[in-house]
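Following: one structure in structure tokens, then a few remarks.
There are 2 protein chains.
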Amino acid sequence: MLKHSRQRDSIKDFLMGRTDHPTAETVYSHIRETIPNISLATVYRNLTLLADLGEIRKLHTGEGPDHFDGNVAPHDHFVCRSCGQVLDLLQEGSTPVRSMDGSPFDGKVESKQTFFYGLCPDCVEQRPEAEDIGNSISRR
Amino acid sequence: MLKHSRQRDSIKDFLMGRTDHPTAETVYSHIRETIPNISLATVYRNLTLLADLGEIRKLHTGEGPDHFDGNVAPHDHFVCRSCGQVLDLLQEGSTPVRSMDGSPFDGKVESKQTFFYGLCPDCVEQRPEAEDIGNSISRR
DNA sequence: TTAATAATAGGAATTATTATCGTTTTTATT
DNA sequence: AATAAAAACGATAATAATTCCTATTATTAA
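Line by line, the protein sequences are chains C and P. Per the numbering used here, the very first residue in the first sequence carries number 10; after that it's consecutive. Per the numbering used here, the very first residue in the second sequence carries number 10; after that it's consecutive.
Here's what the structure looks like:
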């Protein structure tokens, strides 16, 4: 049985109030302003729980730590390899899922995530001829 | 300047010879049969290097460790939450990348990854009424 | 065939996240 | 309101995946 908690409410509210896509660490440092003794483990615990409940989305960007999104409506994301920011994109038109031979995929599809990678509009402007890969944010 | 190495060739050859999507650990244990004293760090180093060169693809599935794909032609992937296997899918029709307001996205898009999650055909057959989420493979 | 430098092996270190566990909160039940 | 059951918590240890470090070896250029 799910019980109420101030910490979880606070985390949920925080995420709903922004359009960027904070990491657990970012959520933690902000919530601490209101609940100074909250634990990082509690932040992770509740972010994962909220994601399992479908109230938020966990984004595995592959670039550093996971990010979290309070907007659960279907949309795609862009990850900037220079500044690391995660931007929302319109979801591209969804076609039926098909195996490599063209036949309909007959597993059970429960969710989908699409990430685009490159340079965000701000960073592309700052270095239009950028050729070098990965020099500002940690790659892994 | 890039120098030749037996280890890197062996890793590349291994990946090109299969259609599944091994993890670094899997690559490591197989290469060890030929080069017994190869280091896991060498495997990671070369997998990352080959991915940066565009010769292979690194897949951030978000479920456990990254996987690697010797097939660099555009296609999507399916990740089974029960058995963990990564399957190839036809890439869904690509439309121009657009921001949330519908305008063309004006960053520089360099790559894209789409993952579908759920139960693969084999696992869906074994438990057709599967309701429970994440009980066999480690979630993170 | 020697000098340079890239790449390696092996292990330590780091990063991100989850598990553990004793304590505190919340909620249902007297 | 008091009590009891069980969720949730905070603090920290543990784990998983990956990267870093350093002395040595292999490759290429001169």
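All residues carry an ideal CB built from backbone N, CA and C; glycine is no exception.
DSSP state of residue i mapped onto helix, strand, coil
{"i": "D29(C)", "result": "coil"}
{"i": "V133(P)", "result": "helix"}
{"i": "H39(C)", "result": "helix"}
{"i": "S120(C)", "result": "strand"}
{"i": "R15(C)", "result": "helix"}
{"i": "L128(P)", "result": "strand"}
{"i": "V81(P)", "result": "coil"}
{"i": "F114(C)", "result": "coil"}
Contact set between residue i and chain C, taken where Cβ atoms lie within less than 7 Å
{"i": "V95(P)", "result": "Those do not exist, as V95(P) stays about 12 Å from chain C at its closest Cβ, beyond 7 Å."}
{"i": "L49(P)", "result": "Near L49(P) there are no residues of chain C at all, since even the closest Cβ is about 15 Å away, more than 7 Å."}
{"i": "F23(P)", "result": "In chain order: nothing, as chain C lies at least about 21 Å away."}
Beta-carbon proximity of residue i to residue j, cut-off 8 Å
{"i": "L99(C)", "j": "G111(P)", "result": "yes"}
{"i": "A33(P)", "j": "L56(P)", "result": "yes"}
{"i": "T70(P)", "j": "Q16(P)", "result": "no"}
{"i": "D78(P)", "j": "H39(P)", "result": "no"}
{"i": "G93(C)", "j": "G116(C)", "result": "no"}
Chain P residues whose Cβ lies nearer than 7 Å to that of residue i
{"i": "E119(C)", "result": "Y126 and G127"}
Element boundaries [beta strand (DSSP E), containing residue i]
{"i": "L96(C)", "result": "V95 to L98"}
{"i": "D78(C)", "result": "H76 to D78"}
Interface residues of chain C facing residue i [CB-CB closer than 9 Å]
{"i": "Q122(P)", "result": "G71, Q122, T123, F124, F125 and Y126"}
Element boundaries [alpha helix (DSSP H), containing residue i]
{"i": "T104(P)", "result": "Taken as a continuous stretch (DSSP letters only), T104(P) belongs to no alpha helix (DSSP H), as it is neither H nor E."}
{"i": "L68(P)", "result": "That residue, L68(P), is in no alpha helix (DSSP H); its beta strand (DSSP E) goes R66 to L68."}
{"i": "N55(P)", "result": "L49 to D61"}
Chain C contact residues for residue i, given Cβ-Cβ distances below 8 Å
{"i": "D115(P)", "result": "P130 and V133"}
{"i": "G84(P)", "result": "The displayed chain sequence assigns His, not Gly, to residue 84(P). Ordered by position in chain C, the residues that pass the 8 Å Cβ test against H84(P) are M109."}
Neighbour list for residue i in chain P, Cβ cutoff strictly below 9 Å
{"i": "V106(C)", "result": "D85, F87, L98, L99, E101 and F125"}
Q. Name the residues in the region 38 to 67 of chain P whose C-beta lies less than 9 Å from a C-beta of chain C; which are they?
A. T57, D61 and K67
Q: Return the residues of the region 12 to 36 of chain C that lie within a Cβ-Cβ distance of less than 8 Å from chain P, sorted by chain order.
A: none
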